[in-house]
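Following: one structure in structure tokens, then a few remarks.
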Amino acid sequence: MKKKILLILSVFIFYSNLLFNDVVNSIVGVVGSIPITYEDFVSRKSFLSLQARSVGKKINDDMVYKDLVEERIMYLKLQEYNYVIEENDVSRRLENIASQYNLTLEQFAKQLKAEGISYEEYRNSIKKQIAMENLSGLVVNNTEITDAEADEYYNNSKDKTAFEVDTLVKLSWIFFKATTFTEKGEKQELADRVRGMAARGNDFAELAKKYSDDEKTKNYGGDLGYNLLYDAGKRSLPAQVNAGLNLAKRGYKVGTVSTVRELVGKGFYIVKIVEIQKDMDSIRTRVKNYLSEIRMRDSFVKWLDDETKRVTIKLYK
């Protein structure tokens, strides 16, 4: 009796698998000559849903179909150019990504699975990225960004952070030591008076030599050296350096002297922006790269949209 039950169960599972495979492998769309199977759709939807949830968004079936269609359009175009994406190239990309996490490719695949991400879909995403990179040189607008275009964009940009990462700011300070309650009142009054002199144009370096209590810098006119502008806010930097960098970051010009500020338990200080060094060649290069990426992306999106209209697409939703 037990053998009969097992036999019946085996037959049931066999035919169930056949039916399931028919559903999984059924064609839900064709893009040119490349089919989209139901398995493709389910796998891609799961992959995209995980990505969307990680940024608090949702996807629908139309988005999944759009992604699958666009992918196949790219592969059709690569076929026209007789370009084949080698699996070894995909594997090398994956190995490079895995190495960034100090993992082997096998360990990386297991980690993806543990996070609910299909390794095959992740591999497909890398393959798609390679396809986009190779197509970009063939179908997009690669006209060079001129210096004038770069300068105009930079000058009109409200947020210059990404372009000015190499900008250096030279600062000087005057420190007024005050460790007792009596000293605090006297030194704050002195700091206010010295700050007034500095703001009226008196030589800051000479004021530092005369009034600063910082033995390391007073003989050098309070020189704090150069610091990267966008290091502002780093805890590793002294308060006086952060204060000066923040002034420059907020747009204050060379020559600006801060208001009197307190170093709790130590005293008071003022800081001056002595020099701002902008590497305009470096800035211009960054702006050009940024604008080129935008131009290429917009051009690629337009090409993809045009191809979507041109290629025969049939979806059986």
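So that you can map any letter, position 264 of the sequence shown is 264 in full-length UniProt numbering, and since no number is skipped, the others follow by simple counting.
Backbone N, C-alpha and C fix where the C-beta goes; we use that ideal spot for every residue, glycine too.
| By a C-beta neighbour count over all protein chains shown, 10 Å radius and 16 as the cutoff for buried, is Leu207 buried or exposed? | By the 10 Å Cβ count, Leu207 comes out buried.
| query | Run through DSSP, which three-state label would Glu87 get? | reply | helix
| Can you find a CB in chain B that lies within less than 8 angstroms of the CB of Ile36? | As a matter of chain content, chain B is missing from the structure shown, which is built from one protein chain.
| Backbone CA spacing between Ser236 and Gln277 [nearest angstrom] | 22 angstroms
| Can you round the beta-carbon distance between Ile174 and Tyr269 to whole angstroms, since I take them to be within the 8 angstroms contact cut? | 6 angstroms
| field | Three-state secondary structure (DSSP) of Leu245 | value | helix
| request: Closer than 7 angstroms by C-beta to Thr312: which residues in its own chain qualify, once you throw out the five before and the five after it? Chain order, please. | output: Gly32
| query | Which value, in whole angstroms, describes the spacing of the CA atoms of residue 318 and Val194? | reply | What is shown of the chain runs 1 to 317, which leaves residue 318 out entirely.
| For the alpha helix (DSSP H) that Phe176 lies in, which residues bound it at each end? | Careful: Phe176 lies outside any alpha helix (DSSP H), inside the beta strand (DSSP E) at Leu168 to Lys177.
| message | Taking contact to mean 3 or more Cβ pairs, one atom from each stretch, closer than 8 angstroms, check whether the stretch 43-63 and the stretch 287-297 are in contact. | response | no
| request: Tell me whether Val23 is buried or exposed, calling it buried when 16 or more other Cβ atoms sit within 10 Å of its Cβ. | output: Confidence in Val23 is poor, its pLDDT being 44 and thus under 50, which makes the residue's placement unreliable; the coordinate value appears in the next sentence. Flag for Val23 reads exposed.
| query | Rounded C-beta distance between Ala162 and Arg295? I'm assuming under 8 angstroms. | reply | Wrong, their Cβ atoms sit about 17 angstroms apart, outside the cutoff.
| said: Less than 8 angstroms between the C-beta atoms of Leu76 and Ile36, yes or no? | reply: no
| query | What do you reckon, are the CB atoms on Leu190 and Phe181 nearer than 8 angstroms? | reply | It is not a contact, given that the beta carbons lie outside the stated cut-off.
| message | Which residues does DSSP list as the beta-bridge partners of Arg261? | response | Tyr269
| Rounded to the nearest angstrom, how far is the Cβ of Thr167 from that of Leu228, given a contact under 8 angstroms? | 7 angstroms
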